[in-house]
Every structure is written in C-alpha cells, then in structure tokens.
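Trainee:
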Amino acid sequence: MKHINKYIFASATLIAFASAFSSCKNEEDDIFDASAAERLEQAKTENHNLLCAAPNGWAMQYFADNTDEGGYTFLMKFDKNTSVKIAANSSLTGNVYEEETSMFDVIADYGPVLTFNSYNSIFHQLADPYDVPSLPGDESGYGHRGDYEFIIMDATADRIELRGKKHGVDIIMTALPEDADWATYFDDLKAKSRSLFNDKFDPLLLDLGDDNRFIVSKASTGVFNIYPEGGDAISQTTKHPYIINNNGIRFKEKFEDTEIQELLFSEDGTLHVEGIEGAGLRQSLALNEIFARKSFSWRITTANCYGSFATVLAVIETETKDKLKRNFNSIDLTYYSNQGTYALSFRNSGTSAAAYIYGDETVDADGVSVKFDFSTTEGNNNGKNRLRDIPSLTTFINLLNSTQFTLSTDNPLAPTTVILKSKDNENDYMIVPLV
673 MKHINKYIFA
683 SATLIAFASA
693 FSSCKNEEDD
703 IFDASAAERL
713 EQAKTENHNL
723 LCAAPNGWAM
733 QYFADNTDEG
743 GYTFLMKFDK
753 NTSVKIAANS
763 SLTGNVYEEE
773 TSMFDVIADY
783 GPVLTFNSYN
793 SIFHQLADPY
803 DVPSLPGDES
813 GYGHRGDYEF
823 IIMDATADRI
833 ELRGKKHGVD
843 IIMTALPEDA
853 DWATYFDDLK
863 AKSRSLFNDK
873 FDPLLLDLGD
883 DNRFIVSKAS
893 TGVFNIYPEG
903 GDAISQTTKH
913 PYIINNNGIR
923 FKEKFEDTEI
933 QELLFSEDGT
943 LHVEGIEGAG
953 LRQSLALNEI
963 FARKSFSWRI
973 TTANCYGSFA
983 TVLAVIETET
993 KDKLKRNFNS
1003 IDLTYYSNQG
1013 TYALSFRNSG
1023 TSAAAYIYGD
1033 ETVDADGVSV
1043 KFDFSTTEGN
1053 NNGKNRLRDI
1063 PSLTTFINLL
1073 NSTQFTLSTD
1083 NPLAPTTVIL
1093 KSKDNENDYM
1103 IVPLV
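Residue numbers (my numbering): 673 to 1107.
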C-alpha cells in the first residue's frame, strides 16, 4: 500500500494540468488521463480493502486543531458494506463506553480520502461548530476544530497515517490485536492515565537531549504546559496536547527543532525518548523530598504494616479498644502548620479532635532515605493523652525513630503510594498512601 499513496497526489494534480491541453493533444491526454484515473481508483479500492481487513478494527489517535485539550481514542471496525462501528469512552460519551454505527467511504480528492459521510454522534461532535463548555473562551462557530474527512497519507496492514482534510492535523490509526476486548481496551488506557500523572506532584522535568530541558505542569489534563528550565513560567509556557496509548504517550506535534513526538514507557515507571540516552520525563524532585513535602500527609494503618511494625500496630489497635473504647483508625505522618512542625496524627473513631505528637523528618542526599525523630512526650493535649493512655504508641514511636528507611514507589511520576522499608531488615516495612 505504501507504494501507491505517495504517488496519488501528484497524479491527481497532473490530471487537472493535463486537461488544460486536451484540445491540442487528444491522444496523449486520453492515455495519461486514463492512467491517472486508474491509479486513483486503485488507491481507493486498496485503501478501502485495507481498512476492512483488520479483524478487530483500528485504534484511532485523534487530535483536534487546538492546544487546550488532549487527544481522543476511537476504536473503529470498518465493513465492506461501507458501515463503520465507532466506540469511545471519554468526555465525548460522558466517560462511559459507547459505540455507534454509521457510514464511511474512501473517495478520490487529490488522493484517497477517508470520509465519515453520515453523522455519528460520538465522532462528529468534534467537527460540530458549537461552544465547548470544557474549553476556554467562546468556540461558537468553531467547536473543537476537528475533522471528519482525512487524506490517507500512508497505509500498511498495521498502521495508517491520516491528515485532516480541513485542519491538517496528523492522525494515526493502528490495528487492534485480534483478542482485544474494546471496553477493556479503554479501561486499560484510563488506568494508565490515572496512574501516570497527578498534578499534586508537579512539576515534572522533560529532557529532550542536547540540553533541551523543560519544566512540565498540568500533565494530567491531557496537555503538557512547559517552559524552559530556568526560564519564565508566564511568558515562555507553551501547550502540547498528547494522547496515551499502549506504548507510552504521543504528542499532537513534534517538539520544536526536534524529531521527538513520542515518550515511551520505561521499566522503572518513567517515560523515555527512544534512541537518546537520558532523555525522557521524570520527577523534578527526589522521592524523599516529595515525601517530606509539608503539604502532604501519609497514612499508616494496621493493614499496610509488616514485620515489627505490624506487631506494634496490632497492640495499638487492642489498647485503643481497651483503654479508649474506640477503634484505632490510623497514624498519619503529616506537617502541623499551627506549630510549624512535623507530627504524627493519631486517629481513632468517635472523635474528630486531632491528636498530634510533635517531631521531625530529615532526608538524605541520596534521594531515597528518610529519618524520623518524634517525641514521646511532646504534642498537643490530645496527643499527650494518647501517649499516656496507649503505652504501645511510645513503643511504635521508638521503633520509628530507630529505623533508617529507604523509600520506593511503583509510580515515580506520581508516587501516591510510597514504601518505607527498613535498611536493616527488609521484612520490616510500611506501605503508606497519600491522604
């Protein structure tokens, strides 16, 4: 298929050129005109057959012509009777899975063009000229600025490259695996999106190689807001819409002065640029610096403690019930701004009054070590009462203070859960989620 489409545009243009001289050279014009028309017809047929040949359809990575929203994934199954089933699970469908069947065709218009030529309420709303509530400003008369007709630029059995006929945005279609369930496919993409980015952990650092480094914010919106490292966030910020796929994320356009348009998933949970060592997306802060942020609180419960910590928490749970006649809920590692100090916040049922025990957290230059130093006597009145009434709480604090922890996470870009593991005994650890 590749060897056909790249010649079609020239052929279509030459048809028009040749017709201007038809009165002079009828024999030659008839021969050339027929040849060009045959090429267009062949391209139409082959592209139509290719679209219909994918057993489980195609995943379209769609971008509208604006920089205020990310891309949209559509799944499409083309049939030889010119019907197409289109599915989505996004804001366009109320964030639920929906599918709808409409019509398509491959036409000749300065090359083969894929047109969705009957209205599909899932797909065509991106081309409707209405004011979009989720976008800034008034889009009346413009809408999302999306296309529903696409020039077929290149095509194989696994990948089709399209270009919006009106707005000129490049769009990719990839063949779905035969065993992929459509609803599950969207669920998996959404899970990747939720785990990948969280604006609480801004900013991120984007390294494109050759000293091209950028500060990234608001990645969870589907649009990277970036400015050069060391630059001005107000005057130099640019927007870069992206879409998540099974390999990583693909941007609407290449970054300026580079050939980079994709970031690929790495084994460590970050994103990398293929072929450029050290380039990719990572956190701008070390993990222990993120953990010690004064705006964050981390929750310790009986269920997420192991080894010696689990043993002590079980006793705290029992003593809370025996002494206070209440259920133990958690101990939060937090920052108590009223006193300007880190604190342990003891939480039990039956009261909303905070019980704070004062102390400190220090981080090491290695980026993953943290040390605690909490008092067994100092806190607010409720905290002092808990220390008095629950002896095992003092035991827990002593264990916490005497342990040197190494931090790790399964999601380094958005570490909503952190593992604190003893450097001396790997069986002693706590898995603490961000509150």
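Glycine included, C-beta positions come from ideal geometry on N, C-alpha and C.
Every value quoted in this text rests on a predicted model; they were computed, and no experiment measured them.
1) How close, in whole Å, do the beta carbons of residue 1029 and residue 1047 come, if the pair is a contact with beta carbons under 8 Å?
2) Cα-Cα, which of 752, 759, 754, 755 is closest to residue 744?
3) Quick one: residues in its chain with C-beta nearer than 7 Å to the C-beta of residue 1021, no 5 flanking neighbours on either side, listed in chain order?
4) From this set, 730, 838, 868, which residue's C-alpha is nearest residue 1082's C-alpha?
5) DSSP three-state label for residue 952, please.
6) Would you decide whether residue 697 is buried or exposed? Buried here means 16 or more other CB atoms lie within 10 Å of its CB.
7) If you draw a straight line from the C-alpha of residue 958 to the C-alpha of residue 807, how long is it?
8) Per DSSP, what are the beta-bridge partners of residue 894 in this structure?
9) Report back the beta-carbon spacing between residue 823 and residue 838 to the nearest angstrom; my notes put them in contact at under 8 Å.
10) In its own chain, which residues sit with a C-beta less than 6 Å from the C-beta of residue 1014, not counting the 5 before and 5 after it?
11) Secondary structure at residue 1055, three-state DSSP: helix, strand or coil?
12) What separation, rounded to the nearest whole angstrom, lies between the Cα atoms of residue 899 and residue 861?
13) Opposite residue 780 in the DSSP bridges: which residues?
14) Taking the beta strand (DSSP E) that residue 618 falls in, what are its first and last residues?
15) Are the beta-carbon atoms of residue 769 and residue 855 separated by less than 7 Å?
16) Indicate the three-state DSSP secondary structure (helix, strand or coil) for residue 981 in the structure shown.
17) Do you know offhand how far residue 1104's Cα is from residue 963's?
Mentor: So, to answer that:
1) 6 Å
2) 759
3) 998, 999, 1001
4) Here the closest residue by C-alpha is 868.
5) strand
6) Only weak support is given to the placement of residue 697: the predicted model assigns it a pLDDT of 45, under 50, and the value that follows is read from those uncertain coordinates. Classification of residue 697: exposed, given that the 10 Å Cβ count is below 16.
7) 34 Å
8) Per DSSP, residue 894 has no beta-bridge partner at all.
9) Wrong, their Cβ atoms sit about 10 Å apart, outside the cutoff.
10) 1007, 1031, 1032, 1033
11) helix
12) 27 Å
13) The partner list for residue 780 (beta bridge, DSSP) reads 784.
14) A question about residue 618 goes unanswered here, because the residues of the chain that appear run from 673 up to 1107.
15) yes
16) The three-state secondary structure of residue 981, taken from DSSP, is helix.
17) Annotation: residue 1104 to residue 963 spans about 10 Å, alpha carbon to alpha carbon.
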